[in-house]
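Let me begin by presenting the structure, written as structure tokens, before commenting on it.
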Amino acid sequence: MTTTPDLRAAFTEVMAAVPTPVSVVTAMDGDRPHGTTVSAFTSLSLNPPMVLVSLDRNSALLKLIRARGRFGVNVLSGAQSTLARTFAGKGDAKFTSVSWHEQGGLPHITEATAWLSCTVDELVNGGDHVIVLGTVTRAESSGRTPLTYHARTYGTHTPHNHPVR
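For the sequence shown, the positions run 537 to 701 when this note's numbering is used.
This is the structure in structure tokens:
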């Protein structure tokens with residue numbers, strides 16, 4: 537099916553209206569960290585704990601994840617919008633001025649809201665992307681407010697007075 541320019545524009549507008557967490561998916565190549573900002577990240581299963589992330593079919597990070605079979609997910613905090621932009625770009629120098637440490641063989645970005653260590657369970661083709669299904673092997677939460685992306689801007693979630701129970 538060929539996408540018309542009108543449908544593509546309408547779809548882009550609809551998806552801009554959907555708030556998403558801003559996450560950086562990471563992997564190691566020897567002692568060199570790699571990472572990219574993703575907008576498609578979500579939980580998939582509680583038993584076993586699983587997540588899914590979506591990466592461009594031509595992504596160098598995807599090639600590395602295929603080869604290594606592991607990846608990290610760093611959910612950025614509200615103060616890390618600059619990092620989101622850095623990791624959304626191209627190039628091998630994304631980690632140059634980023635505070636991070638290796639944890640369990642994966643890059644963990646300092647001050648992220650949450651961090652997950654995952655093993656690849658399955659790779660699923662999805663248009664111009666590949667959906668990576670990962671089984672979570674470690675999960676950490678810092679309690680920091682997460683960074684979100686909505687209407688083409690970065691921000692944070694503002695809770696209502698009545699929390700969901």
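Glycine residues also receive a C-beta, built at the ideal position from the N, C-alpha and C atoms.
Keep in mind it's a predicted model, so treat the numbers as computed, not measured.
Going along the chain, which residues of its own chain have a beta-carbon closer than 6 Å to the beta-carbon of residue i, five neighbours each way excluded?
{"i": "residue 541", "result": "none"}
{"i": "residue 712", "result": "Only positions 537 to 701 of the chain appear in this structure, which leaves residue 712 out of reach."}
{"i": "residue 634", "result": "none"}
{"i": "residue 681", "result": "614 and 692"}
{"i": "residue 637", "result": "644"}
Classify residue i: buried if its beta carbon has 16 or more other beta carbons within 10 angstroms, exposed otherwise.
{"i": "residue 547", "result": "exposed"}
{"i": "residue 649", "result": "buried"}
{"i": "residue 610", "result": "buried"}
{"i": "residue 563", "result": "buried"}
{"i": "residue 569", "result": "buried"}
{"i": "residue 597", "result": "buried"}
{"i": "residue 554", "result": "exposed"}
{"i": "residue 612", "result": "buried"}
Tell me which residues share the same chain as residue i and place their Cβ nearer than 7 Å to its Cβ, disregarding the 5 neighbours each side in the sequence.
{"i": "residue 661", "result": "none"}
{"i": "residue 640", "result": "653 and 674"}
{"i": "residue 657", "result": "586, 669, 670 and 671"}
{"i": "residue 605", "result": "655 and 656"}
{"i": "residue 691", "result": "684"}
{"i": "residue 565", "result": "600"}
{"i": "residue 665", "result": "590, 591, 592 and 593"}
Which same chain residues, not among the five before or five after residue i, have their C-beta less than 8 Å away from its C-beta?
{"i": "residue 580", "result": "586, 587, 588 and 669"}
{"i": "residue 556", "result": "575, 576, 577, 684, 685 and 686"}
{"i": "residue 584", "result": "671 and 672"}
On the premise that residue j lies in contact with residue i, defined as a C-beta separation below 8 Å, what is that separation, rounded to the nearest angstrom?
{"i": "residue 560", "j": "residue 607", "result": "Wrong, their Cβ atoms sit about 11 Å apart, outside the cutoff."}
{"i": "residue 626", "j": "residue 571", "result": "The pair is not a contact, with the Cβ atoms about 12 Å apart (cut-off 8 Å)."}
{"i": "residue 659", "j": "residue 602", "result": "7 Å"}
So, do the segment 633-648 and the segment 603-621 have three or more beta carbon pairs nearer to each other than 8 Å? yes
Inspect the CB distances between the segment 668-688 and the segment 583-596 and report whether three or more fall short of 8 Å. The segment 668-688 makes contact with the segment 583-596: 3 or more CB pairs, one atom from each, lie closer than 8 Å.
Write down every uninterrupted run of the alpha helix (DSSP H) in the segment 600-663 whose length is 4 residues or greater and which is fully enclosed by it, in chain order. 617-624
For a minimum of 4 consecutive residues, which ranges assigned as the alpha helix (DSSP H) are wholly contained in the segment 547-609? 596-604
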